[in-house]
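Numbering (the working numbering), first residue to last: 19 to 267.
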């Protein structure tokens, strides 16, 4: 398994087979003057595609208007989902199944602390690889949650599209055919829908798709405990747990 990270300070590729490649950005100069623009490798890094290093997940977007929606209203909206809508799921849904989120992975690998990352890499690069192996293990053994099965039941009734950024295949394990982002993002490029429901999406890699959906008239709704970082002008947000919205549905 290969995984690519892009943060404000570093680009990193890492594999469960035992390879790590780190590029420190110029922005790391403020913290560690000797690391700016430096590149370090461990193991056989020939499998990595460096073009995959440079997807800027870390960028912060300033949404012009965010409207809070309460639990009852959000439940009604989900209940009224139709074939004209799309549901996009993210790490918040995987977290319910015991899988670390992207931010938790970044924190455990010191990707937002260039000095600690450098020290860890120089002293024990296998610690970084073991962290990814643990993540992969969680992906392999995790089971669908109540929410996954509620989404399956809802999709069977309403026939809407489901897209996901998650690698865990929990939708498939629950019986849902999901479009996987970014691997199959091209399937969403020309999609037209009335509403997009973002379930547990925090800092999505499909920002351009969301912006395109909004520009075509799609209303954006989000369910997540923390405010999602979205490259759209307006969205409606329920700041609560995913389970509460699908409980009893």
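Cβ coordinates follow ideal geometry from the N, Cα and C atoms, glycine included.
Sequence-distant residues of the same chain with beta carbon closer than 7 Å to residue i, five excluded per side
| i | result |
| --- | --- |
| residue 111 | 165, 184, 217, 218, 260 |
| residue 192 | 162, 166, 167, 170 |
| residue 173 | 180, 194 |
| residue 229 | 249, 250 |
| residue 95 | 239 |
| residue 100 | 176, 178 |
| residue 138 | 128, 145, 146 |
| residue 153 | 118, 123 |
| residue 78 | 247 |
Status (buried if at least 16 other CB within 10 Å, exposed otherwise) for residue i
| i | result |
| --- | --- |
| residue 82 | exposed |
| residue 205 | exposed |
| residue 72 | exposed |
| residue 243 | exposed |
| residue 44 | exposed |
| residue 142 | exposed |
| residue 140 | exposed |
| residue 182 | buried |
| residue 105 | buried |
| residue 224 | buried |
| residue 208 | exposed |
Which residues DSSP lists as bridging residue i, in chain order
| i | result |
| --- | --- |
| residue 215 | 105, 239 |
| residue 181 | 106, 197 |
| residue 41 | 29, 57 |
| residue 252 | 83 |
| residue 24 | 29 |
Rounded C-alpha distance that separates residue i from residue j
| i | j | result |
| --- | --- | --- |
| residue 31 | residue 90 | 42 Å |
| residue 34 | residue 62 | 11 Å |
| residue 97 | residue 177 | 13 Å |
| residue 92 | residue 54 | 46 Å |
| residue 262 | residue 60 | 44 Å |
| residue 159 | residue 255 | 31 Å |
| residue 248 | residue 22 | 20 Å |
| residue 136 | residue 88 | 44 Å |
| residue 66 | residue 245 | 33 Å |
| residue 116 | residue 36 | 24 Å |
| residue 148 | residue 19 | 12 Å |
| residue 221 | residue 118 | 14 Å |
| residue 107 | residue 190 | 13 Å |
| residue 257 | residue 76 | 21 Å |
| residue 186 | residue 157 | 5 Å |
Beta-carbon proximity list for residue i, same chain, < 6 Å, skipping 5 on both sides
| i | result |
| --- | --- |
| residue 212 | 102, 103 |
| residue 236 | 211, 214 |
Cβ-based neighbour list, residue i, same chain, cut-off 8 Å, excluding 5 preceding and 5 following
| i | result |
| --- | --- |
| residue 252 | 81, 82, 83, 84, 85, 232, 238 |
Exercise. Just checking, does the region 118-137 make contact with the region 188-206 on the three C-beta pairs under 8 Å criterion?
Worked result: no
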